[in-house]
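Have a look at the structure below, then the notes.
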Amino acid sequence: MKYTLTGLLLSISLCLQAQNNYWQQKVDNDISVTLDDKQHLLRGHISVDYYNHSPDTLKFIYFHLFPNAYKTDRTAFEKQAVEDGNTLHYFSDEKDRGYIDSLHFSVTQDAGDMQQAGVVATKDDDIVRLILPAPLAPGAHIKIETPFKVKIPLTFSRMGHAKQSYQISQWFPKPAVYDKKGWHPIPYLDQGEFYSEFGDYHVEITLPENYIVMGTGNIMNDAENAWLDSLSRLPLPKVSYNLKGTERLTDTTLNKIPASSSNLKTIVFEEQNVHDFAWFADKHWIVRKDTVAVPGTDKTVTAYTCFFPNHQKAWTKSMGHVKTAISGYSTAVGPYPYKTVKAVEGALSAGGGMEYPTVTVIAASNNEDEVKVAIVHEVGHNWFYGMLGSNERDYPWMDEGINSFYEHKFATAPPSLKSLKKDDNYFIYAMLGATHDLIPADTSAAVMPVINYGADIYGKLSYLLAWLEGYMGKEKFKEAMTDYFNQWQYKHPQPEDFRKIMQQHSDKNLDWFFDEVMTTTKPVDFKIVSVNNNDNGKPSITIKNLTNVSGPVKYNVYFYDKKAPDDIITSTAWTEPFTGTKTFPVYKESPAYEFKQVQIDAVVPDANLPNNNLHTKFKLKLFAGLNLDTVRKVWLSPMVGFNYYDGFMAGTLIHNLTIPQNKFQFAVVPLYAFGSKTFAGTGFMSYTKYYDDGLFHDIQFQISAKTFSSDKTNVNIENYIYNRFIKVAPELIFNFRKPYWRSPVERNLSLKAYWIREDQFDFTQNPTDSLYYPSKGAAVDNFYGRVQYNYNNHRTFNPYSYKLEGQIGKQFAKLSVEANLRVDYFQKNKALYIRAYAGKFFNLADNDFDSYRYRIAGTYSGQNDYLYDETYFGRNQQSGFWSQQISMKEGGFKVATLQYASQLGLTDNWLLAVNLKSDIPYIKLPVRLFADFGTFADAKQQNPSGASVLFDAGLELYISDYLSVYFPLLLSTDFKDYTKSVYTDKKFLRTITFSLNIGNINWSKMPPKIFGM
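The sequence shown runs -18 to -1, 1 to 995 under mature numbering (1 follows the signal peptide of the UniProt record, and there is no 0).
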């Protein structure tokens, strides 16, 4: 006790000393601005009072000019947006972009004369370095002034306009933060928020008088406040609903934007101790006003909500959501200090909402639950980052993560098995955790992939804090958060400051949380191993930490009394943080109690719930679904199929493909073929081993199998007889780790073996009638090996890939390289597609006949698919509709020449080919142009015309990445001669081919691919 008290006093002493050494700059802003809503311009003037409280002499000050983020397609904002697949701004017209100009900085030092300041550009258009006329000494103050003009862009991110509805944020010249770590100039990003200095704001906004304006701070105009009061008392406009429940305004004129008044007004806003100023203006908002009491104080806060008339259904309870946030956060963290709070609806593009001091904008929505969560979350940001001004860009967990934790308390629900099923953030967290794609929670927002920003910051961090709260105890956790608020209100806390305070309020060591849980890429995964009785008769529980992320476990043991079996008794306990496998005692209140079940509590953010029970349950379900509970599911779904030989097929798909993804996966499709009157089917099993560091992200072992009929004949007999194939192919796939988290590059190495059994027809001549009669011959077994390296760069513009492949069998070997490049046009979703192929064939057979089927093909069809990797409706058809199916493999030509004894372009040496496709600009039809060119060894001797090059060209009907139809219109002489000599009628129709590209789908990776992983 003495040691603990001494340690506590020492901690307090050190904390006070640290606080005494703490300093931060103060920046006061006086801004006047006029809105031109015809040209979407702001013309204004800003005066900045900059107080140097640092111990350093400053020779320059970094300024943010965030509107310039929308100026060109070369800004940091644009680069990130394009990386994330958002090309809206990139393809925008210049008139819809934004910028800030007309700047002329001058500096007045103390009581001296005004002097012009030099401006130095940086690598970012939205950051400049202001060179001071004279150094700014510690404790000194300067006044910086400049006029400015802002072109307001369309709403591509945060600042912008939707017609004459305005979101004015990150709009004025603003100094960067200077703290103990130095300067923090940060370019504007859509993903990645801000870090600003605290100060006082006086802002005067001039605009047409019929605009409703909500902004940071307090409106100082009595007339404006009276007008808002009158608007808040107006009844809601009448609405009716269609059959789908969608609102339709009875008075449709309310949906129209009123003309701007010719009379102007100037609204004055003032606020103290804030680090930003934003304002929003609209002419047809519905306004609601109320007051909310701040718990623990005698204060009341004036609250406003403003929303569009056609969304009134979702916003009816909006004032209640604002009150919930003010009351909840004030009680749990610290009292709300400002006089006003506002939530407004706007045309936001950057997420569901965006926070600013005392005012928040919510993305337009008519979903009541979405509006509720967004309002509580964004109003809550008045604490986390509003008053606790952490560096949002570098440490997004300190605002978004902590705030999401409290959002769960006040808007949704704390973690429970029931609530997790409905939690989108948990769904993404568990999905990424299952595939080991999480990243450390303390990562900078700028380097996070989009999906991780949601999963690791909004999702994982909120669950981690609930875990920490449970381990510390709710009261101690609340005391710590209140202390954190009291010590760091209106300041810039760092991660170490948060950690220090949390540890001060806990008698337990919290290193496991800050040193391991916060910094790891590993998911949390505990497994109940067993429950046993010790020699003394006392029960114990054994738990295994599968990923060895050190952490404590809360477990619940359920008992029942034999005399009252329906009464369930729960024994709950926390372990200490541990790794490996540990055994813990279980408290049993009475010897008469019988064990029923044990379960890891949902407060532990386990990404793998099914192993959180002692006895994992299995369920059969129909079709498909998610796996977000403690039950492992297998799904059954009816399945049909067809090919020319088996005819119509029907059966059942049995699988466990789901999200979160299982390490062991399978899908089996047994089918009955009504044409061949036999069984067919396909399926696979796979197991993935994940690695959290090193060269490989994961190694996947997969075995696939399928069997279908591949040919049929009824020559000289009454009924068809069928050939079928059986294929079994084990594969080992090494998926390489990405070079960095936001990298668009995927690489893998595949080693695959094939065993393929193929039936054969025997034809025997009958001496009686001299006719040949078919019969089933002996099946032939073939063994092949394939090694393949795949490189894919999925960058948004001009993505490319290449594949290196080697194949070997008893009679042959092949080496090939295939490369694909999409060259994007400066028009959305329009591009040129280039494919190049080079292949070399090695004949290992004693004669050409044995290796003939393995040769490199100019036009690849079912007869060339000896590995049975592709799906063909008529695999061995030489004529008719089903023979017109091809694949984009090897030469990639679109004209099939199956009725020649030797197909055009078939070679036992080498082949080079280029395949071109192009979207047609300015038309919205799914039609492309295509052209193929190729040559091969001895082409002049092999081609009947003596030409050394084959080519075809025409139109492609592009239905999807998996299905295309080709219409050849221009053919080289040899292709043209083939159509003339073989097709006696319907020549054009018979040259049409189609491709079905599903052979290379890795079905075990499909569920995550749906979400762009």
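All residues carry an ideal CB built from backbone N, CA and C; glycine is no exception.
Quiz prompt | Where T228 sits in the DSSP three-state scheme | solution = Numbered from its first residue, the sequence shown carries residue 228 at position 246. Residue confidence is low: T228 scores 47 on pLDDT, short of 50, so the model does not pin down where it sits. No coordinate-derived value is stated.
Quiz item: In three-state DSSP terms, what is F624?
Solution: For the purposes of this step, residue 624 is taken as residue 642 along the sequence shown, with counting starting at 1. Note: F624 maps to strand in three-state DSSP.
Exercise. Verify whether the separation of the beta carbon atoms of A263 and Y183 is less than 8 Å.
Key: Within the sequence shown, residue 263 is the residue found at index 281, counting from 1. Within the sequence shown, residue 183 is the residue found at index 201, counting from 1. The Cβ-Cβ distance between A263 and Y183 does not fall below 8 Å.
Practice problem: Starting from the Cα of L514, find the closest Cα among F566, F808, Q97 and give me that residue. | Solution: Along the sequence shown, read from residue 1 onward, the residue named residue 514 stands at position 532. According to the sequence provided, residue 514 is Asn. The question's Leu does not apply to it. Nearest to N514 by C-alpha distance, out of F566, F808, Q97, is F566.
Exercise. Over the uninterrupted beta strand (DSSP E) stretch that includes P190, give me the two end residues.
Key: In the sequence shown, residue 190 corresponds to position 208, counting from 1. If you look at P190, you'll find it in the beta strand (DSSP E) that goes 181 to 190.
Quiz item: Under a three-way DSSP split, which group does S309 fall into?
Solution: Here residue 309 is taken as the residue at index 327 of the sequence shown, counted from 1. The answer is helix: DSSP assigns S309 an H, G or I state.
Quiz item: Going by alpha carbons, who is nearest to A448 out of M430, Q476, P397?
Solution: The sequence position of residue 448 within the sequence shown is 466, counting from 1. Of M430, Q476, P397, the residue nearest in Cα terms is P397.
Self-check item: Closest by C-alpha distance to V185, when choosing among K504, W261, H46, A208
Solution: Along the sequence shown, read from residue 1 onward, the residue named residue 185 stands at position 203. That would be W261, whose Cα lies nearest to the Cα of V185.
Quiz item: Between the C-alpha atoms of W5 and S36, what's the straight-line distance to the nearest angstrom?
Solution: If you number the sequence shown from 1, residue 5 lands on position 23. If you number the sequence shown from 1, residue 36 lands on position 54. Taking the straight line joining both Cα atoms gives about 6 Å.
Quiz item: Does the region 500 to 507 touch the region 583 to 594, meaning 3 or more C-beta pairs lie closer than 8 Å?
Solution: Using a C-beta cut-off of 8 Å, the region 583 to 594 makes contact with the region 500 to 507, since at least three inter-stretch Cβ pairs fall below that distance.
Quiz prompt | D959: first and last residue of the uninterrupted alpha helix (DSSP H) it sits in | solution = One-based indexing of the sequence shown puts residue 959 at position 977. Per DSSP, D959 belongs to the alpha helix (DSSP H) from 955 to 964.
Practice problem: Spell out a yes or no on whether the region 201 to 211 and the region 408 to 415 are touching, meaning 3 or more CB-CB pairs, one atom from each, closer than 8 Å. | Solution: Too few Cβ pairs lie closer than 8 Å, so no.
Quiz item: Starting from A427 and walking both ways along the beta strand (DSSP E), at which residues does that stretch end?
Solution: The residue you call residue 427 lines up with position 445 of the sequence shown. If you look at A427, you'll find it isn't in any beta strand (DSSP E); DSSP assigns it neither H nor E.
Exercise. Determine the burial state of T232: buried for a count of at least 16 other Cβ atoms within 10 Å of its Cβ, exposed for fewer.
Key: Indexing the sequence shown from 1 puts residue 232 at position 250. Because T232 sits at a pLDDT of 48, beneath the cut-off of 50, its placement in the model cannot be relied upon, and the point is left open.
Exercise. Measuring alpha carbon to alpha carbon, tell me which of D890, L17, F656, K220 ends up nearest L189.
Key: The residue you call residue 189 lines up with position 207 of the sequence shown. Selected option, being the one with the closest Cα: L17.
Quiz item: Where does P169 land, buried or exposed, given buried means 16+ other C-beta within 10 angstroms?
Solution: Counting from one through the sequence shown, the residue named residue 169 turns up at place 187. Buried, because 16 or more other Cβ atoms sit within 10 Å of the Cβ of P169.
Exercise. Measure the beta-carbon distance from K734 to E713 and round it to whole angstroms, keeping in mind my assumption that it falls under 8 Å.
Key: If you number the sequence shown from 1, residue 734 lands on position 752. If you number the sequence shown from 1, residue 713 lands on position 731. Confirmed, about 4 Å.
Quiz item: Does DSSP put A208 in a helix, in a strand, or in coil?
Solution: In the sequence shown, counting from the first residue as 1, residue 208 sits at position 226. Helix.
Quiz item: With burial defined as no fewer than 16 other Cβ atoms inside 10 Å of the residue's Cβ, what is the status of T228: buried or exposed?
Solution: Translated into positions along the sequence shown, residue 228 becomes position 246. The predicted position of T228 is uncertain, since its pLDDT is 47 and thus under 50; a value taken from the coordinates is nonetheless stated next. It is exposed - the Cβ of T228 has fewer than 16 other Cβ atoms within 10 Å.
Quiz prompt | Best match in G278, V274, G791 for proximity to T284 [C-alpha to C-alpha] | solution = Sequence index remark: in the sequence shown, residue 284 carries index 302 (1-based). Closest by alpha carbon: V274.
Quiz item: What whole-angstrom Cβ distance do S386 and L443 have, given they're in contact under 8 Å?
Solution: Sequence index remark: in the sequence shown, residue 386 carries index 404 (1-based). Sequence index remark: in the sequence shown, residue 443 carries index 461 (1-based). Rounded, the Cβ-Cβ distance is 7 Å, consistent with contact.
Self-check item: Between the CA atoms of N364 and G310 - distance to the nearest angstrom
Solution: Position 328 of the sequence shown holds residue 310. Position 382 of the sequence shown holds residue 364. Near 12 Å, if we compare the C-alpha coordinates of N364 and G310.
Quiz prompt | From Q91, P49, K105, T104, residue whose alpha carbon lies closest to that of D83 | solution = Counted from its first residue, the sequence shown places residue 83 at position 101. Of the listed residues, the one whose Cα sits closest to D83 is P49.
Exercise. Less than 8 Å between the CB atoms is what I'm expecting for H293 and H143, so what's the real figure, rounded?
Key: In the sequence shown, the residue the question calls residue 293 occupies position 311. In the sequence shown, the residue the question calls residue 143 occupies position 161. Not really, about 18 Å apart at Cβ, beyond 8 Å.
Self-check item: M196: first and last residue of the uninterrupted beta strand (DSSP E) it sits in
Solution: Here residue 196 refers to the residue found at position 214 when the sequence shown is read from its first residue. That run of the beta strand (DSSP E) goes 194 to 197.
Quiz item: Where do the ends of the alpha helix (DSSP H) carrying I357 lie?
Solution: What you label residue 357 is simply residue 375 of the sequence shown in a count that begins at 1. 350 to 362 is the span of the alpha helix (DSSP H), which, as asked, contains I357.
Self-check item: Through-space distance from D967 to Q866, alpha-carbon basis
Solution: Here residue 866 refers to the residue found at position 884 of the sequence shown. Here residue 967 refers to the residue found at position 985 of the sequence shown. In this model, Q866 and D967 are separated by some 16 Å (Cα to Cα).
Practice problem: Specify whether the region 247 to 255 and the region 298 to 315 touch according to this definition: at least 3 beta carbon pairs, one from each stretch, less than 8 Å apart. | Solution: Segments in contact, no.
Quiz prompt | Beta-ladder partner(s) of T554, from DSSP | solution = The residue you call residue 554 lines up with position 572 of the sequence shown. According to DSSP, which records beta bridges pairwise, T554 is partnered with N538.
Self-check item: Any 3 or more C-beta pairs closer than 8 Å across the region 662 to 675 and the region 402 to 412
Solution: No, because fewer than three Cβ pairs between the region 662 to 675 and the region 402 to 412 fall closer than 8 Å, the two stretches do not touch.
Practice problem: Mark F765 as exposed unless 16 or more other C-beta atoms lie within 10 angstroms of its C-beta, in which case mark it buried. | Solution: Position 783 of the sequence shown, counting from 1, holds the residue named residue 765. Around the beta carbon of F765, a 10 Å sphere encloses fewer than 16 other beta carbons of the protein chains shown; the residue is thus reported as exposed.
Practice problem: Count the other C-beta atoms from every protein chain shown that fall within 10 angstroms of the C-beta of G80, then say buried if there are 16 or more, exposed otherwise. | Solution: By one-based count along the sequence shown, residue 80 stands at place 98. Burial call: buried.
Practice problem: Kindly indicate the opening and closing residues of the alpha helix (DSSP H) around residue 1025. | Solution: Only positions -18 to 995 of the chain appear in the structure, and residue 1025 is not among them; the question remains open.
Self-check item: Segment limits, alpha helix (DSSP H) that includes G67
Solution: Locating residue 67 in the sequence shown gives position 85, counting from the first residue. Looking at the DSSP string, G67 is not in any alpha helix (DSSP H), and its letter there is neither H nor E.
Quiz item: Using CA coordinates, which residue listed in M870, S686, D847 is at the minimum distance from Q859?
Solution: On the sequence shown, residue 859 is found 877 positions in, with the first residue counted as 1. Of M870, S686, D847, the residue nearest in Cα terms is D847.
Practice problem: Give the straight-line distance between the Cα atoms of H266 and A241, rounded to the nearest whole angstrom. | Solution: For the purposes of this step, residue 266 is taken as the residue at position 284 of the sequence shown. For the purposes of this step, residue 241 is taken as the residue at position 259 of the sequence shown. One Cα belongs to H266, the other to A241, and the distance between them is close to 10 Å.
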